[in-house]
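As structure tokens, the structure follows; a few thoughts come after it.
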Amino acid sequence: MAAIAENNKLPKRRTPGRPKKTIRRSALLMVRLTPTERTLIEGRAKKAGLKPSEWFRRAAKSAKVFPRFTTEESGWFRMLAGLANNLNQLTHLAHVAGLFSLALKCQAMMRQIEELLTKIGSHDG
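Under this note's numbering, residues 30 to 154 are what the sequence shown spells out, in order.
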């Protein structure tokens with residue numbers, strides 16, 4: 030009994046070495062930079078008091094990236110390109126057959142183009 034009591038009185042020994050990290054970064058992402066980009070990132074990291082890798086991680090987490098065009102917008106651009114092609118063909122016909130015979134077609138085409146440009150201009154992307 031005396032030996033057990035003496036073991037309880039001994040202070041607990043710390044485990045040797047550095048404490049284990051709670052978050053372990055095991056994935057690697059390779060990024061190619063120009064010397065200018067690297068210098069810029071290192072300068073900004075130094076101003077923030079961070080290592081470049083930590084600065085880069087924080088910048089990537091807070092960055093907002095928007096897609097270039099949605100599928101709807103891409104459809105509008107394809108339609109606009111088709112209308113421009115049709116307008117070009119009508120212009121060629123107008124030179125051959127006379128302008129007055131195609132005036133109504135050209136006006137209808139211009140209305141469609143204006144509607145598409147209004148949609149594209151007012152769309153919040």
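Backbone N, C-alpha and C define an ideal beta-carbon position, used for all residues, glycine too.
Residue i to residue j span [Cα, whole Å]
i: residue 143; j: residue 91; result: 38 Å
i: residue 40; j: residue 50; result: 25 Å
i: residue 117; j: residue 146; result: 18 Å
i: residue 45; j: residue 67; result: 38 Å
i: residue 72; j: residue 81; result: 9 Å
i: residue 100; j: residue 43; result: 60 Å
i: residue 54; j: residue 87; result: 14 Å
i: residue 124; j: residue 110; result: 21 Å
i: residue 59; j: residue 89; result: 14 Å
i: residue 103; j: residue 93; result: 21 Å
Nearest-angstrom beta carbon gap, residue j and residue i [assumed within contact, 8 Å]
i: residue 105; j: residue 76; result: Actually they do not touch by this definition, with Cβ atoms about 43 Å apart.
i: residue 138; j: residue 114; result: Their Cβ separation, rounded to whole angstroms, is 11 Å, which puts residue 138 and residue 114 out of contact at 8 Å.
i: residue 141; j: residue 122; result: That belief does not hold up - the Cβ atoms of residue 141 and residue 122 are roughly 17 Å apart, past 8 Å.
Contact test: residue i Cβ vs the ligand ADP heavy atom, cutoff 7 Å
i: residue 50; result: What this structure holds is no ligand at all, so the ligand ADP is not there to describe.
Cutoff 6 Å; reference residue i; Cβ partners in own chain excluding five residues on either side
i: residue 135; result: 119
i: residue 79; result: none
i: residue 74; result: 81, 84
Beta-carbon contacts of residue i that lie in its chain and below 8 Å, excluding the five residues immediately before and after
i: residue 62; result: 70
Return the chain-ordered ranges of every beta strand (DSSP E) run that is complete within the segment 34-97 and spans a minimum of 3 residues.
Here no run is fully enclosed.
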